[in-house]
Amino acid sequence: MKLGLRLTLPAQVLVLFISVFPLLMQLYISLTDWSPLSGAPWPRAWEFWNSFANYTDIPGDRRLWAALGRTLLVMVICVPVEFLLGLGLGLLFVEDFPGKKLAYSILIMPMMVVPAVAGYMFFMLFQSGGPVNDLLSVFGPVTIAWLSDPWLALVAVMVADIWQWTPLMFLILLAGLVGVPQDQLRAATLLGASPWQRFRTITLPRMKVIITIALAIRAIEAFKIFDTLYIMTGGGPGVATETISVYFYKITTNDLIWGYVAALALFILVSLSIAAQFAMKRMAR
Amino acid sequence: MTAIHLQGLTKRFGPFTALQPMDLEIRDGEFLALLGPSGCGKSTTMNMIAGMEKPTGGRILFGDRDMGAVPMARRGVGFVFQNYAIFTHMTVRQNLDYGLRMAGVDPGPRTAAMAELLGLTDLLDRPSQGLSVNILQRLAIGRSAIMEPAIFLLDEPLSNVDAAFRAVMRTELKSLQRQFRQTMVYVTHDQLEAMTMADRIAVMDHGVLQQVGTPLQVYNRPANTFVARFLGAPGMNLLPGHAVQSGSAVQVDLGPIGLTPPLPGPASGPVTYGFRPEEVTLDPASPLKLPVTHVERIGARCIVHLGPVKAVFPAGTEIPSGVVGFTPGKPCLFDAKGGRI
């Protein structure tokens, strides 16, 4: 055996157990009707073999496609809003102003709040008799049932996501903004460029990589949105705020159809990998 | 073309004074070098002229226009940064015509003409990332020059360039300035650059303007001991002594070294006796005597250390050993505070 291989063998075995083994296990279960209640331990799942039946069920699963659509909707609304807010705040914070340090600490606090706590917080805020309605009552008496209206519940969930994750966007973009060479900005100013022209011709091109990274991180995270949302609405009313993660969680814990869940998870993983590849190639250009 | 007037210009950073109130007239079309060691306030002065920093006090006028309220984008100043600040994500052409594009002017022929002048024509469509320092430098100058600014400021533009190219650039910069006929302010800590290119040199130290004059005036008639020591390589020899009046002339008692030949002018008390190393001649009959302690032979010249004194001779000069007599030429006298008498 080569020395290199011998030295890395323990790590290789570990990686095998962490990533390859579960994947194979998942693939195996996805080809069966096995569930924890079927009376046999998982290695004997072949007793419930149903070949590709789980996979052929996927196209007809209307609840899945609705959840996927909702997840994508949350993603395409939350991520751009977080990006624009984060960029705006970043541009504000590259300049000095009195009270900057304090404002900075307050701004990044939402990111440090445990998502479950944030979930309860927004659950309270959006009650019919809660502070949000009280605030809106300034314009006249309102009793909006935020969390029991299908669309408003989705809005509330997105507000919570934007509140919690704009700080991360802000931090990443601020790091990028600070890294734009001051001399180049000054040189552009001396050549007569207006602030907007400087932003467009110097700042933005220099931030390309960091913007790509920030958007990618948030897009991936937004796709997996779960904890805050689940505590606020539990995916409801009905299935109105059911995202991919919530749907998976429900059919795993309530319906216990593990073979189908395994097939679904593999399907999503493969489709996402293809989509990500495609997106990365486009962004690189 | 515009003259620059600095009137009582001052800059403080908190408790630290970077620039004591400074008055300086930079004439229309003049090449002025701001010369001094690092931290002397020369870059601060230039940043204030460009509008990058706000003065704590005093005024800056271009011609008869007060620039106090004019932001840096409107000052019409060309500025070449020490690191050139080239927009590395753009091509050479995009760098060169940046100012024109931002102003909404069609760059067309002006870019081509500027590229031709600076020998950048073949590189126009190359990305500016990874070009050699020599090219970046010309590009930085061209990018500012294309805007035809009345005033051109250069912040140590040659400090990153290798020695051989520096000599070429000195000539090139000077001829560019003659072509453009702009008022140029050139910040440097390299006296050779200042001496060879500048019409006048402003020597600064610790935020204080020490002396302004043509290169030869500053070299031959330094206003104080700082200027005397800073200019020349090696700098002027400065020996502490005691002035002794002899008739209408003065002699300086240098202690164990001896009594100097008489100088014109009244002086008394403790003084500093200065003379250039190039002006020293060996003379066994001289009353001034010192031992030869070290000889540096550096190609065309040799530098002889006579204790605290340095003397420069042509390469082949025969240097005796032991104690020698020497005569300083063109001596200067400075008072106890370092000012020239």
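Protein chains in written order, with UniProt numbering: chain U, 1 to 285; chain V, 1 to 341. Even glycine gets a Cβ: it sits at the ideal position worked out from N, Cα and C.
As computed with DSSP, C332 of chain V is found in a beta bridge with V:G274.
Remark: C-beta atoms of L229 of chain U and R143 of chain V do not approach each other more closely than 8 Å.
D149 of chain U and E242 of chain U have their C-alpha atoms spaced approximately 13 Å apart. Ranked by Cα distance from G265 of chain V, the options V:R340, V:E279, V:L231, V:T281 are led by V:R340. Our two residues, M72 of chain V and F230 of chain V, have alpha carbons roughly 33 Å apart in a direct line.
Looking at the DSSP output, C302 of chain V sits in a beta bridge with V:R297, V:F313.
Its chain contains W165 as the residues whose beta carbon lies nearer than 8 Å to that of E221 of chain U, once the 5 sequence neighbours on both sides are disregarded; these appear in chain order.
By alpha-carbon distance to E156 of chain V, the top candidate from V:V208, V:V250, V:L120, V:F79 is V:F79. From the listed residues U:Y247, U:L64, U:L185, U:Q12, the smallest Cα separation to V94 of chain U is found for U:L185. Bounds of the alpha helix (DSSP H) holding E82 of chain U are 62-94.
At least 8 Å separates the CB of D96 of chain U from every CB of chain V.
Neighbours of V77 of chain V in chain U, taken as residues at a C-beta separation under 9 Å, are given in chain order as L190. Within the segment 72-122 of chain V, the complete beta strand (DSSP E) segments of 3 residues or longer fall at 77-80, listed in chain order.
Nearest in C-alpha terms to L264 of chain U, of all of U:P141, U:N54, U:S19, is U:N54. Using a Cβ-Cβ cut-off of 7 Å, I202 of chain U is close to F87 of chain V, given in chain order. Contact residues of the segment 35-67 of chain U toward chain V are absent (C-beta to C-beta distance below 8 Å). Chain U places no beta carbon closer than 8 Å to that of M169 of chain V, leaving this residue out of the contacts. Near chain U, meaning a CB-to-CB distance below 7 Å, the residues of the segment 49-64 of chain V are A50, M52. When DSSP reads this structure, P240 of chain V sits in a beta bridge with V:T272.
When only Cα atoms are considered, P314 of chain V and Q82 of chain V end up about 36 Å apart. Around A103 of chain V, the beta-carbon contacts reaching into chain U at under 7 Å are G192. Take the alpha-carbon of G274 of chain V and the one of E172 of chain V: they are about 35 Å apart.
Proximity to T44 of chain V across V:A18, V:G232, V:Q211, V:Y84 peaks at V:A18, based on C-alpha coordinates.
For the pair G176 of chain U and W34 of chain U, the CB atoms are not nearer than the 8 Å cut-off. The C-beta distance from I26 of chain V to V77 of chain V rounds to 12 Å, too long to fall under 8 Å, and the pair is not in contact. By the CB criterion at 8 Å, V132 of chain U and M232 of chain U fall outside the cutoff. Of the residues V:T225, V:A50, V:D335, the one whose Cα lies closest to the Cα of L154 of chain V is V:A50. Under the DSSP definition of a beta bridge, M184 of chain V partners with V:F31, V:F152. The closest CA to that of L158 of chain V, considering only V:F180, V:E148, V:M147, V:I135, is found on V:I135. By the criterion of a C-beta distance shorter than 6 Å, L85 of chain U is surrounded in its chain by T166, once the five residues flanking it on both sides are discounted. Taking Y247 of chain U as the centre and dropping the five residues before and after it, the same chain places the C-beta of A67 closer than 6 Å to its C-beta, in chain order.
For R70 of chain U, no CB of chain V lies under 8 Å from its own CB, so it is not counted at the interface with that chain.
Think of a sphere of 7 Å around the beta carbon of G99 of chain V: the chain U residues whose beta carbon falls inside it are L191, G192, in chain order. The beta-carbon distance between M184 of chain V and F31 of chain V, rounded to whole angstroms, is 5 Å. This is short enough to meet the 8 Å contact definition.
8 Å or more divides the Cβ of I146 of chain V from the Cβ of G108 of chain V.
Assignment of beta-bridge partners to E25 of chain V by DSSP yields V:H5.
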